[in-house]
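Since the structure comes first, as structure tokens, the remarks are kept for the end.
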Amino acid sequence: MYFASMDAIVSRWFTGYAGARASLEAEGGYLLPYREQFFVTTREGIRELGLDPDDPEWERIGWDWVRPLDRAAWERLRERRVSVA
Numbered sequence: 000m001y002f003a004s005m006d007a008i009v010s011r012w013f014t015g016y017a018g019a020r021a022s023l024e025a026e027g028g029y030l031l032p033y034r035e036q037f038f039v040t041t042r043e044g045i046r047e048l049g050l051d052p053d054d055p056e057w058e059r060i061g062w063d064w065v066r067p068l069d070r071a072a073w074e075r076l077r078e079r080r081v082s083v084a
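Heads up, the sequence shown is in numbering that gives the first Met the number 0, so the first residue is 0 and it goes up one at a time.
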């Protein structure tokens with residue numbers, strides 16, 4: 000879930016999920032996958048993906064796209080992402 004247009008947005012990159020999750024818990028943000036890596040991005044990064052960072056579904060999934068707390072909320076976000084892609 001990464002696009003070249005996101006290069007200007009500062010994101011925290013990780014090779015493992017555990018590090019990304021720890022960063023999310025410590026500093027906040029939105030945890031997303033990219034190939035075999037993970038990154039925690041900002042509200043601007045979520046907007047760049049065509050999604051609303053204030054969508055309540057983010058809280059429902061725990062701001063974690065990889066291991067969402069609420070699978071139904073994740074599915075609704077995924078559908079929104081597909082519709083703007």
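Using N, Cα and C, we set each Cβ at its ideal position, and we do this for glycine too.
These figures come from a predicted structure and were not determined experimentally.
- Between the segment 56 to 67 and the segment 6 to 26, the count of Cβ pairs shorter than 8 Å is three or higher; the stretches touch.
- Secondary structure at leucine 50: coil, using DSSP grouped into helix, strand and coil.
- The three-state secondary structure of valine 39, taken from DSSP, is strand.
- Taking C-beta atoms as the reference points, aspartate 69 and arginine 59 count as a pair closer than 8 Å.
- Assignment of alpha helix (DSSP H) within the segment 56 to 84, counting only whole runs of 4 or more residues, yields 70 to 83 in chain order.
- Per the coordinates, the alpha-carbon of glutamate 24 lies some 17 Å from the alpha-carbon of threonine 14.
- Nearest C-alpha to glycine 61 among Ile8, Gly27, Arg11, Trp12: Gly27.
- In this structure, Leu76 is the residue among Gly44, Glu35, Phe37, Leu76 with its C-alpha nearest to the C-alpha of proline 55.
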